[in-house]
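Protein chains in written order, with this note's numbering: chain A, 296 to 1161; chain B, 128 to 390.
What follows is the structure, given as C-alpha cells:
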C-alpha cells in the first residue's frame, strides 16, 4: 500500500531529452490510495457494501410494494367511472336503493342518453369440489349483466362462451374459473344471503382488470340479479350517461332536482370517492409499510454507520501514514468520503434491485395467506430510485464522515503507535437525553393508559411508545453493560474463562453493541406487541364465548353471507333440538344516523344469558333492549320511545323495555326476530350465527350428524361446538398474525445480517488480540465458542430490550382498545421466552462465519505485523 | 552443519553442546525454515541446531532478517519448520496437530511479547491466570500471589491494561508467563517498547526467575544491554548460528555484534 503513495520521480531527475513528467497532485494520490484500498480488502468491502444493500433494499422494497399496490388499484379505478356521467343511489346508509319508478323517471330527464341499473350483492361460489371457493380477502360478488348496448363504459369482453341470458346462467371472470376449477358448461351452485342456494350453469368467461388476487365476479342475467340482490322495488345503483353537449355537472343538477331524496353524484365524483375508499382500505398496509420503511432506514443507517466507524478505526494507521507524509486533513476526509460515495452508490444500486425482489417476495408471501393483493407489474418509480440512492449514498457518506474526521484529527504519531486504543467518549450526555425521552414516554404511556378507551388513548400510547423507542435508542449503550453482565453471569458462567472473554467482549464497545442489537430490538418489540394483541384477542373471544354462550352447537357461515336464513330454519326442526337462537343484523336510522343492532330470534336468556340492569327483558313487538353504554349515550331508559326509520323508509317507533350490561356478543341494542324482519328487506336478511341447544338426554354426536345432514344442502354451514367455534376464531387471528410475523421476519433477517457484519468486522479488528490468545493457548474451538457467546449475548441483549418494550406497549395498546372487543389482556409469556431463546439461537447462527474466520487466525499474527 | 557456527566465527564457544548439566528444556535439530517458493523463496533458517539448557537465561541476537525471530517462533510452537525438528522437553513438535500444539503452548510455555500481550477487556489478574483458566486448570493461588508480589503488581490486579503503564503491562505479561510454571518462557523483544527503567524491571524479573526459581528463559532482542542479563547469548546471521557468548556484558555483546556486521 505504501509504495503506491511514493511520489513520482521529480522532473529534475528525469533525463533532459524527455518532457518533464507531470506531477500528480497530492489529492489524486490520496484518492488512488482510497480506491486501491477499496479493492485490496475484498471481504471488508463486501461487508460494507452489504450493509448499504440491506438498508436500501428495505427502503426500495417498501416503496416498490406500495407503489405497485396503488398503481394496480388506480388502474382498476380508471374503469370504475368510465362512461358514467352521473350515479344515482339511495342516501348514505340507506340500503334499499333507488325505487324502480325513479329509474324510469331518470330515463325521461332531458339530456340523458342511457341508463344502466346495477344490481349486485355478495355471494358464495361453490367450486368444482363442492366446497365454497376461497377468495381470501378479495370480494366475491354477483352482478347484473348488461348487454354492450346498455353497458356504459367498457363492455365485458368474453374470452369463452357467451353472456348469461336467462335465470340459472352465469358468466365468471377468468380468475374465478381458475380458482373454482370450473369449465364452461359446468353446473354448480351459488349462494346468496337471503335466497340460499341457486343452481347455475356457466355459460361464459370474461376478462377483467380486477382479475387478480382472488376476485370473483359472477354475471347474472338482469332478471335473476334483480330477484337475488334487490327487493323487487328498488335498484341499488343506477348509472346514467349524458347526451353529447351535456356536462356531468349539468346532468347531475337535473337528476338531483328530479330525485331530491336520492344521492346523485357525477362520474368524476364517483371516481374520486372510490379512490378515497380504496386509499382508506389500503391505508393500514401503507402505514405498516411506511413504519417498516422507517425501521428499515434506521436499521440500515445503523448498520452502515457501525461498519464505517469500524473500517476507519482499522485504517487509522494507514490514514496516519498518509498524514505523516503530508496529506492534509481535508485530503484524508475527502478520500474517505469518496470511498464512502462509491460504496454507497454500488450498494444502493444493488439494494434497489434487491428491493424489487423483496417486494415481489412480500407480495407472494401475503398472497400465500390469501390476502388477495392484485398481481400487476411491479412498479419501480423514479422516486423510489432517487430516494434509495440518496439515502444510501448520503447515509454512507455521513456514516463515514464522522469517524473520518476523528481519524484526520488523530495526530499521525499517536495513530501509528501500535496500541492505539479506540477512545470511548462519555455516554453521559447520550444517556441523559435517553432518560429525558424515557420520562416523556412514560408520562404519555401513563396518560394513554388512564384515558378513556378509544383512538385518542391509542394515539397517546403510540406517542409514548415512540418516545420510549428513542429513549432506548439513546440509552441502549448504557443499558448494555448491566444487561449483558446479568445475562452473561447466567449464560456464560458455565464456560469459565471463555465465557468471561465473551462477556467482556460483548460490552467492550457499548455503542457498537447497542447499534448492532437495535435492529433485533425493534423487530422483537413489534413481534411481541403483535403477539400480545393476538393473545388478547383470542383470550377475549374465548372469555366472551365461555361466559355467555350456553349452546351445544354453533352454526356459522362465510363472513360474506353468514348462515342462510333457511338453514337456520331447517336446523331448528332437527329432532333433539330444544331451542335455537339466530342472531342477525338490524340496520335502521335513528335521528338521521344509521344504527346497527342485533335481532335475536329465539330464547335469548337460555342460550346467551345477559345481565339485566334495569327494566324488563322483553323483546316482543316493538320492544327493544339497549346496552348500558348505548342507554347512556342516547339518554334513554326503560319506557323511552325511540323513533326509527327502516331501510325501506318506513317509520317504526320502538320502546325500550330494559337495559343490559354491555356485552360484545349482543352489541348496542336488541330487537326481536319479528322486529328484524319488519325493518329489513328480505334480500338483506342473513344470520351471523345460529346457536343450538340440545334437549336433555339427546346424544350430542347424533345431533351433530343430524344438524350437519340438515344443513348440508346449504353447503357453507359449519356445525361446531363452542370449543371448536373458539378454535376457528383463534385460527382466523392466527392467520392474520402469520402475515404480520412474515413481514417482521424480514426485519429479523436484516438484524441477523447486521450482527454478522459487525462481528466479522470486529474479528478483523481484534486480529492481533485473537492471535495472542491463540499463542497463549486458546483452542480453536474455544475461540469459536467465545465468538458464539459474544454474539449470543448481543442478540439476547437486543431481544430482552425489545421483548420488554413489547410487553409494555402491547398490553397498553390492548387496554386502550378495551371497548373495541379487546376486554381481556393476555400476555403470551411462553412466546416471550421462546423469542428470547430463538434470539440466542439467532445470535449463534450469526456468529458461525465470523467465528470460523477468527479460528483461522494464526498465533503469529499477534507478534508479526502481517 | 551446526559446527559451522563456531568455526565460522573462530570463537572458543561451542554453541550446540553448551548445556549446563540440568538437562535440555528445548532443542532445535537441524532446523530449516523456507518461506515462499520459486523466485521469491527466502530461507529464514538454514539447518540450525541448538540446545537450551534448563534453568538458563538465553538471549538470541542478530541483525534484522537474521532469522532470530523465526527461530524463536519455531521453538515456541508458533510456527512450523520446513525441515528438521523442534523438541520441548521430550516432545517433538514436528507433525503435532494444532490442538496438541495449542495445548503445549498453553500448558508448557510462557510468552512475553513486545506488544499486544494482554486482553484489553480483562483485568490484570484475569490476564495473569488466563492460560490456566482457558485450560480449566486450578490456579495455584499461593504461587500466583507470590509471583504477583515479587513483580510488585499487588495494587494493580483489578486494573485493566489501559489503566496500566507500558512497563506495568509488560510486568503483567511476565506474571502471566510465570504463573503457570511453564517449562520454558519465550520473550519476543519483551523490552522493545519500554523505557530503560521499565526495561530493567522486566529483565530483572526474568533474570530472577532463572536464578531463584530455576526457570528456563529464552528471549529475542536486539538490545545488547538486555542480552547482558542472560547467561548465554546466541548470534544469528543469514539464518545460521554464527556465534555464542557466555556470561555476557553489554560491552562484550556490542563487540560481537560489531564484529558480526563486519563479516
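Heads up, the beta-carbon is just placed ideally off N, CA and C, and yes, glycines get one too.
So which residues on chain A does residue 155 of chain B lean against when the C-beta distance must stay under 9 Å?
Here the premise fails: no neighbours, minimum Cβ distance about 17 Å.
Within 10 Å of its beta-carbon, does residue 340 of chain B have 16 or more other beta-carbons around it, so buried, or fewer, so exposed?
Result: exposed.
Applying the 10 Å Cβ sphere with the 16-neighbour rule, what's the burial state of residue 992 of chain A?
Classification of residue 992 of chain A: exposed, given that the 10 Å Cβ count is below 16.
For residue 195 of chain B and chain A, any beta-carbon pair shorter than 8 Å?
Chain A contact via Cβ: absent.
Suppose the cutoff is 8 Å on Cβ atoms and the five residues either side in sequence are ignored; what does the same chain contact list for residue 1153 of chain A look like?
Excluding positions up to five away in sequence, the list reads 1066 and 1069.
May I ask you to list, following chain order, the residues of the stretch 669-699 of chain A that have a beta carbon less than 9 Å from some beta carbon of chain C?
Of the protein chains in the structure, A and B, none is chain C.
By a C-beta neighbour count over all protein chains shown, 10 Å radius and 16 as the cutoff for buried, is residue 405 of chain A buried or exposed?
Its Cβ having fewer than 16 others within 10 Å, residue 405 of chain A is exposed.
Counting only beta-carbon separations shorter than 8 Å, does residue 248 of chain B have a partner in chain A?
Yes, residue 248 of chain B counts as interfacial toward chain A.
Can you tell me where the beta strand (DSSP E) with residue 515 of chain A in it begins and where it stops?
Residues 511-515.
With residue 355 of chain A and residue 738 of chain A assumed to form a contact (beta carbons below 8 Å), what rounded beta-carbon distance in angstroms separates them?
Residue 355 of chain A to residue 738 of chain A, Cβ: 37 Å. No contact.
Assign residue 948 of chain A to buried or exposed, taking buried as 16 or more other Cβ atoms, counted over all protein chains shown, within 10 Å of its Cβ.
With fewer than 16 other Cβ atoms within 10 Å, it is exposed.
Rounded to whole angstroms, what's the CA-CA distance from residue 206 of chain B to residue 232 of chain B? Just pull it up for me.
Residue 206 of chain B and residue 232 of chain B: Cα-Cα distance of roughly 12 Å.
Report the three-state DSSP secondary structure of residue 318 of chain A (helix, strand or coil).
Because residue 318 of chain A carries a pLDDT of 47, less than 50, the predicted location of this residue cannot be relied on, and no value is offered for it.
Beta carbon of residue 495 of chain A, beta carbon of residue 454 of chain A: below 8 Å?
Cβ atoms of residue 495 of chain A and residue 454 of chain A: not closer than 8 Å.
Apart from the five residues on each side of it in sequence, which residues of its chain come closer than 6 Å, Cβ to Cβ, to residue 448 of chain A?
Cβ neighbours of residue 448 of chain A beyond the five flanking positions: 377 and 378.
Going by alpha carbons, who is nearest to residue 388 of chain B out of B:183, B:177, B:153 and B:189?
Checked all of B:183, B:177, B:153 and B:189; the closest Cα to residue 388 of chain B is B:189.
Does the stretch 365-383 of chain B come close enough to the stretch 333-349 of chain B to have 3 or more Cβ pairs within less than 8 Å?
As far as the Cβ criterion goes, the stretch 365-383 of chain B does not touch the stretch 333-349 of chain B, which means the pair count is below three.
Are the C-beta of residue 783 of chain A and some C-beta of chain B separated by less than 8 Å?
With 8 Å as the cut-off, residue 783 of chain A does not count as an interface residue toward chain B.
So that I know if they touch, is there some Cβ in chain A lying closer than 8 Å to that of residue 262 of chain B?
Chain A contact via Cβ: present.
Specify the secondary structure class of residue 393 of chain B as computed by DSSP and reduced to three states.
Missing from the structure shown is residue 393 of chain B; chain B here goes from 128 to 390 and no further.
Does residue 253 of chain B come within less than 8 Å of chain A when only Cβ atoms are used?
Yes - at least one Cβ of chain A is within 8 Å of the one on residue 253 of chain B.
For the beta strand (DSSP E) containing residue 384 of chain A, list its first residue and its last residue.
Note, residue 384 of chain A: beta strand (DSSP E), 381-384.
Please report the distance separating the alpha-carbon of residue 727 of chain A from that of residue 243 of chain B.
Rounded to the nearest angstrom, the two C-alpha atoms are 35 Å apart.
Please work out which residues of its chain come closer than 6 Å, Cβ to Cβ, to residue 381 of chain B, disregarding the five sequence neighbours upstream and downstream, and give them in chain order.
Within the same chain, residue 381 of chain B has close Cβ partners 351.
Are at least three pairs of beta-carbons, each pair with one atom in the stretch 1073-1087 of chain A and one in the stretch 795-811 of chain A, less than 8 Å apart?
As far as the Cβ criterion goes, the stretch 1073-1087 of chain A touches the stretch 795-811 of chain A, which means the pair count is three or higher.
Just the C-alpha distance for residue 1055 of chain A and residue 1012 of chain A, rounded to the nearest angstrom, thanks.
Those two C-alpha atoms are separated by around 58 Å.
8 Å is my cut-off, CB to CB: does residue 1154 of chain A come that close to chain B?
Answer yes: the Cβ-Cβ gap between residue 1154 of chain A and chain B drops below 8 Å somewhere.
Going by CA-CA distance only, name the one from A:819, A:875 and A:686 that's closest to residue 1036 of chain A.
Selected option, being the one with the closest Cα: A:819.
Tell me the DSSP bridge mates of residue 436 of chain A?
For residue 436 of chain A, which the question treats as bridged, DSSP gives the partners A:417 and A:512.
Do we get a CB-CB distance below 8 Å when we pair residue 1073 of chain A with the residues of chain B?
Yes, because at least one Cβ of chain B sits closer than 8 Å to the Cβ of residue 1073 of chain A.
Looking at the C-beta of residue 1069 of chain A, does it have a partner C-beta in chain B at a distance below 8 Å?
Yes, contact with chain B.
Using the beta-carbon of each residue, which ones in chain A are nearer than 9 Å to residue 349 of chain B?
None at all; the shortest Cβ gap to chain A is about 15 Å.
Going by C-alpha to C-alpha distance, which of A:519, A:1049, A:624 and A:409 sits closest to residue 246 of chain A?
Shown here, chain A extends from 296 to 1161; a query on residue 246 of chain A therefore has no answer.
Can you name, in chain order, every residue of its own chain whose Cβ lies under 6 Å from the Cβ of residue 320 of chain A, other than the five neighbours on each side?
Low local confidence applies: a pLDDT of 47 at residue 320 of chain A is under 50, so the model's placement there is unreliable, with the coordinate-based value given in what follows. No residues qualify anywhere along the chain.
Measure the alpha-carbon distance for residue 918 of chain A versus residue 954 of chain A and round it to whole angstroms.
So the two alpha carbons sit approximately 12 Å from each other.
Closer than 7 Å by beta-carbon distance: list the chain B residues that pair up with residue 1077 of chain A, in chain order.
Under the 7 Å cutoff, chain B gives 261.
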